[in-house]
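Each residue of the sequence shown is one higher than the one before, starting from 10 at the first, in this note's numbering.
Positions of the beta carbon are idealized from the N, C-alpha and C atoms, including for glycine.
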Amino acid sequence: MVDYHSAGQPYHYGGNGPGPNGDYMAQEDDWDRDLLLDPAWEKQQRKTFTAWCNSHLRKAGTQIENIDEDFRDGLKLMLLLEVISGERLPKPERGKMRVHKINNVNKALDFIASKGVKLVSIGAEEIVDGNAKMTLGMIWTIILRFAIQDISVEETSAKEGLLLWCQRKTAPYKNVNVQNFHISWKDGLAFNALIHRHRPELIEYDKLRKDDPVTNLNNAFEVAEKYLDIPKMLDAEDIVNTARPDEKAIMTYVSSFYHAFSGAQKAETAANRICKVLAVNQENEHLMEDYEKLASDLLEWIRRTIPWLEDRSPQKTIQEMQQKLEDFRDYRRVHKPPKVQEKCQLEINFNTLQTKLRLSNRPAFMPSEGRMVSDINTGWQHLEQAEKGYEEWLLNEIRRLERLDHLAEKFRQKASIHEAWTEGKEAMLKQKDYEAATLSDIKALIRKHEAFESDLAAHQDRVEQIAAIAQELNELDYYDSPSVNARCQKICDQWDVLGSLTHSRREALEKTEKQLETIDELHLEYAKRAAPFNNWMESAMEDLQDMFIVHTIEEIEGLIAAHDQFKATLPDADREREAILGIQREAQRIAELHSIKLAANNPYTSVTPQVINSKWERVQQLVPTRDRALQDEQSRQQCNERLRRQFAGQANIVGPWMQTKMEEIGRISIEMHGTLEDQLQHLKHYEQSIVDYKPNLELLEQQHQLVQEALIFDNKHTNYTMEHIRVGWEQLLTTIARTINEVENQILTRDAKGISQEQMQEFRASFNHFDKDHCGALGPEEFKACLISLGYDVENDRQGDAEFNRIMSLVDPNGSGSVTFQAFIDFMSRETTDTDTADQVIASFKVLAGDKNYITAEELRRELPPEQAEYCIARMAPYRGPDAAPGALDYKSFSTALYGESDL
């Protein structure tokens, strides 16, 4: 250390020690001490240096009046150094003796020297003695060290840096050419240009005139003092009336502008950083709110829809069930597709939000309980399951009701025929006509009764069929089962009565049979042959009028073949009819031959030739009617077959096309061809080609609608159902949307992290190399091998395992056991790039707060845009530190909360 107290060794001023610029301001030729002899320059320096000192001393609540006298005791000199350096000097001596003053000044000079300044020819005694020349030189040394030395612009510092800064700021202004710190400032335009460049609202520069320097200078000095808190250090008249204004005075004043505006620039930069961080946070909050609302609406729709799909309440009629089927089709065509798009968009929004949160170092978004993507997928799976079961149930119910209607009609037809046959039979069996009849009449009655028994036996099969149909209707839960059961029970009860009455009449007739001898064998033979033939005709008419339901061309062809076989028996039946009628004619011929008076009707049967002919004609009429019905049904089944083949042809094209597209999308997602933008463009073209293919799907839907309306339930020509096609189409749209979203997130990550295309391709190549099964994710062992190939020390030892577990916790926070490519590039981008941190935001707030540990609402509103300022004020907690002022806010806890390091 230099001994500043040695006699005859005063301080020498002129440099700042060794450094890249040599002696401190060596080009100034020390401080141009000879020029101080010029009274005009000395006056300028006195005023300028005094104002500069007071601009700092007022922060300590004091000032100086005379620069020669007020620093003589060293007290204000030490105070000035403490204010401008922010450091504490040794405690001053309060005595008024000369030695006390010299000691105080030496403490100040020691501090200046400790800052690397070489003092030449300046001693404490000169300052104490009030030497103006030495005092001004010392103040200039302080100004150079603390106001000018730290100025740096493009690797130039001090005077050159300050001059370059002035030239840069005033370059756009006419009539301003700053080449030095003396005559370039005489007209005052340079001062006004500096102010206008930073605060254009304070200066009307276009109204200034170069030929009015005094007005220009005074305007700049007054504006700087009023709005920029820069004291007036110069007099306009002194500058204008001096051939070469004092350079040190000009530099001192101009340095005040540099510090004023550089501080504003720092505050602006800090405010911009905070605005950027807050804007990201606000955008993320909006995205979270949108996700919550969309998830709630979708889950509510699923909750309302599932009970409707799970409702299995059967209806009584086919029309009611078909209405249910139509409602279900409306749901599939109209209501569900928008919800599929909402679900896909919800997943895309969730992935984009998580990517943005990761890129901005924010904690991952956790939706409200029950609104996770997994919850939505679970609810959607339940919806799909209920939907599949509901459609199958509807079709089964329609088939069941068709079967019930067919059986019910068949029951009514058979019951009507049987009831018509039994009409009058009970009365006939109860009559006692045999009591007054002749022997021939009795024998006739016996034969007639035998024919009736034959007829009764023939009708036994129809009664059993009626009972069987009624039983089947009960088992199939027919809605009108009570009336069917009542009618069936009535028929069965009547049948039992007929059986009992038949048995009683036979016993009565057999009792008198011995008294009867004459019987007409021809009538008997007629009756025996006419009754079965009549029954055959009734059965034939019943069969010809029987309803039929078929579902395939093979079934209708089987019915046509059976009908053809029936028609083939008609010639034999006609011959039988002619034979039966021939018996009746033979009986008539014999009676006429022997003049026998016959009863009007055959005593053995009620089936007259007229009845046989009438029923035969009816059979003849029903055959062509049956032919037309079968032909119409054959035409309908042929049309259905065309619909099946039409649907199958289109489905066999659309199905393989979608499967091929799914495989191609899988290859695109793992292959590397071109930049990410190229891949994204390729995928979007691919997506458009898929969208353009939708008319084929709509055509298939139209064909499927025709198939459904025709009640076609199976199709042997294709393995694809409309359900398979719909599910495949939804999966294809979801897959291409997710793949595009992944590439967009990769671009977002690359741009936000500054990752080059080569790095992204290298990441993809490394990932694909270890993704052996091309599933788009790496297992733990595959991921470890990938890290080892990239140079990470995760070998199988304790330290390596610990490092690997740490990395796995970053790329697989949910513990799923796999690492996606998005998680992989997020990890690699964090390893290779830098982002904003909580400490950076805290430092920015500290600049706005003027280095305080807290900030006020007024400071936030002054430095930040209104929206961001109110956002901070609403969320910042009160500051509780020992130096807290009224209304103080804690910006540190707020900043850490933005990055998830503590609760806001």
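If you draw a straight line from the C-alpha of Arg282 to the C-alpha of Thr669, how long is it? 49 Å
Bridge partner(s) assigned by DSSP for Asp248: Rather than Asp, the amino acid found at residue 248 in this sequence is Ile. Paired residues: none, contrary to the question.
If you follow the alpha helix (DSSP H) that Lys142 is part of, which residue opens it and which one closes it? 141-152
Taking only three categories from DSSP, how would you classify Ser853? helix
Alpha helix (DSSP H) segment containing Ser64, residue limits: 48-66
Just verifying my parser: in three-state terms, what is the DSSP assignment at Pro887? strand
According to the neighbour-count rule (16 or more other Cβ atoms, all chains shown, within 10 Å of its Cβ), is His778 buried or exposed? exposed
Mapping DSSP to helix, strand and coil, what is Gly31? Note that Gly31 scores 36 on pLDDT, short of 50, meaning its location in the model is unreliable and no value can be drawn from it.
Just to confirm, is the Cβ distance from Leu590 to Pro618 under 8 Å? yes
Less than 8 Å between the beta carbons of Thr59 and Ile152, yes or no? no
Ser130 lies in the beta strand (DSSP E); which residues open and close that run? 127-131
Three or more C-beta pairs closer than 8 Å, one from the stretch 570-585 and one from the stretch 499-506: is that the case here? no
Within the same chain, show all residues whose beta-carbon is closer than 6 Å to that of Ala794, passing over the 5 residues directly before and after it, in chain order. Phe779
Counting pairs of beta carbons, one from the stretch 243-262 and one from the stretch 212-228, are three or more of them closer than 8 Å? yes
Would Val472 pass as a contact of His427 if the rule is Cβ separation under 8 Å? yes
Taking contact to mean 3 or more Cβ pairs, one atom from each stretch, closer than 8 Å, check whether the stretch 232-246 and the stretch 198-213 are in contact. yes
Where does the unbroken alpha helix (DSSP H) through Met437 begin, and where does it stop? 434-439
Measure the alpha-carbon distance for Glu767 versus Ile756 and round it to whole angstroms. 13 Å
Rounded straight-line distance, which links the Cα of Ala476 to that of Asp470: 10 Å
Where Glu707 and Val803 are concerned, what is the direct C-alpha to C-alpha distance, given to the nearest angstrom? 54 Å
Any 3 or more C-beta pairs closer than 8 Å across the stretch 620-629 and the stretch 691-703: no
Given that a residue counts as buried once 16 or more other Cβ atoms are within 10 Å of its Cβ, and exposed if not, what is Lys901? buried
CA-CA distance, Val663 and Tyr702? 9 Å
Could you check what DSSP says for Val828 in three-state terms: helix, strand or coil? strand
Considering only the beta carbon of each residue, do Lys348 and Trp317 sit closer than 8 Å? no
In whole angstroms, give me the CA-to-CA distance for Ser123 and Trp50. 30 Å
Spatial neighbours of Ile764 within its chain, please: CB distance less than 6 Å, with the 5 preceding and 5 following residues excluded, ordered by chain position. Ser838
Inspect the CB distances between the stretch 815-823 and the stretch 741-750 and report whether three or more fall short of 8 Å. no
With a threshold of 7 Å, establish whether the CB of Trp389 neighbours any heavy atom of the ligand MG. This structure simply doesn't include the ligand MG, nor any ligand for that matter.
Quick one: residues in its chain with C-beta nearer than 7 Å to the C-beta of Thr57, no 5 flanking neighbours on either side, listed in chain order? Met242, Leu243, Ala258, Thr261, Tyr262
Near Leu685, what residues of its chain come up, given a Cβ to Cβ distance below 8 Å and the 5 sequence neighbours on each side ignored? Val752, Gln755, Ile756, Arg759, Gln766, Met769
What does the Cβ neighbour count give for Ser698, buried or exposed, with the cut at 16 atoms within 10 Å? exposed
Can you list, in chain order, the residues of its chain whose CB lies under 8 Å from that of Asn610, leaving out five sequence neighbours each side? Thr617
In angstroms with no decimal places, state the Cα-to-Cα distance between Ala906 and Asp782. 42 Å
Find the nearest neighbour of Ala786 within the set Phe830, Gln54, Leu510, judged by alpha-carbon distance. Phe830
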